[in-house]
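Contents: one structure, followed by commentary.
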Amino acid sequence: MTKHNNRDLSRRAPRREPYKTVLIVCEGTKTEKNYFNNLVAYERLSSVNIRVLPGQGTDPRSVVKTAIDYMQKQEKYLAFDEVFCVIDRDNHQTFDDATLLARQKGIQLIVSYPSFEYWYLCHFRYSRAPIIRKGNKSAGDHCESLLSACWQEKFKENYSKAMKGVYEKLLSYLDEGTKNAVLSLNSAIAERQFNPSTQAHELVAFLKGIRT
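What follows is the structure, given as structure tokens:
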């Protein structure tokens, strides 16, 4: 390989920037991971500084364990300044264990009740009506159905958990989504009733402001 080609490769290679290093481990293998990867790309954040990974397992404790394992593997090469686990509350039995383990390891949980789709739903409307199981549909499935109706009305297309580019697609509604998410979370804390609510806006704001 020529020196010229070597220079081209080095220019294209991601590099660490002089802001915090962050690990984000997501419960979902598609929805949350795609959203935050799209945010990182759109906001031109370094993929060296910001790592977004799927959890090895579909429950909160497995997600936290994935984060701990990855931190330990990478500590010789890259010590993360901040570690987040993006999880759903729904009816997971390991939620309390995950909360305790995360606290012990200094990991911040970004929790959505009942699912991450509630964060998307906040972009279109404010509602504190509990989202619960209906028939054979889990609370998470019910939340997705509510979102799908709004998505179809707004974008004239079907919503899919595997969609890419959702951060960009919702960008013009982000201020509204953040406002509704903040109102919902404040109400949830005051009433001690967290269904529905989300902390996703807090991680989004942190990433958007990471350079400052």
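Residue numbers (the numbering used here): 15 to 226.
Ideal Cβ positions, reconstructed from N, Cα and C, are used throughout, including at glycine.
Worksheet item: Should Arg117 go down as buried or exposed, given a rule of 16 or more other Cβ atoms within 10 Å for buried?
Response: exposed
Practice prompt. Would you mind reading off the limits of the beta strand (DSSP E) that contains Tyr134?
Written response: Careful: Tyr134 lies outside any beta strand (DSSP E), inside the alpha helix (DSSP H) at 131 to 136.
Practice prompt. Might you give, ordered along the chain, the residues of its own chain that have their beta carbon closer than 7 Å to the beta carbon of Asn52, omitting 5 neighbours on each side?
Written response: Lys178, Gly179, Val180, Tyr181, Glu182
Discussion item. Counting beta carbon pairs with one atom in the region 71 to 78 and one in the region 190 to 208, are three or more of them shorter than 8 Å?
Written reply: no
Worksheet item: Asp102 lies in the beta strand (DSSP E); which residues open and close that run?
Response: 96 to 102
Discussion item. Please list the terminal residues of the continuous beta strand (DSSP E) segment that includes Leu67.
Written reply: 64 to 68
Worksheet item: Apart from the five residues just before and just after Phe138, which ones in its own chain have a Cβ nearer than 6 Å to its Cβ?
Response: Cys164
Discussion item. I need the DSSP call for Lys175, collapsed to helix, strand or coil.
Written reply: coil
Item to complete: Count the other CB atoms, across all protein chains shown, that sit within 10 Å of the CB of Thr226; report buried if there are 16 or more and exposed otherwise.
Response: exposed
Worksheet item: How big is the Cα-Cα spacing for Tyr134 and Ile64?
Response: 22 Å
Worksheet entry | Run of the beta strand (DSSP E) containing Ile38, from where it starts to where it stops | 36 to 40
Discussion item. Could you pull the DSSP bridge partners for Thr212 from this structure?
Written reply: Ser126
Discussion item. Please classify Arg103 as buried or exposed, where buried requires at least 16 other C-beta atoms within 10 Å of its C-beta.
Written reply: buried
Practice prompt. Spell out a yes or no on whether the region 86 to 99 and the region 28 to 36 are touching, meaning 3 or more CB-CB pairs, one atom from each, closer than 8 Å.
Written response: yes
Worksheet item: Assuming Ile145 and Phe98 make a contact with CB atoms under 8 Å, what is their CB distance in whole Å?
Response: Contact flag wrong, Cβ pair sits at about 23 Å.
Worksheet item: What is the residue span of the alpha helix (DSSP H) that Gln166 lies within?
Response: 153 to 169
Item to complete: Could you please give the first and the last residue of the uninterrupted alpha helix (DSSP H) stretch that includes Lys183?
Response: 180 to 183
Worksheet item: Do Ser129 and Gly149 have their C-beta atoms within less than 9 Å of each other?
Response: no
Discussion item. Starting from Ala195, trace the alpha helix (DSSP H) in both directions and tell me its first and last residue.
Written reply: 188 to 205
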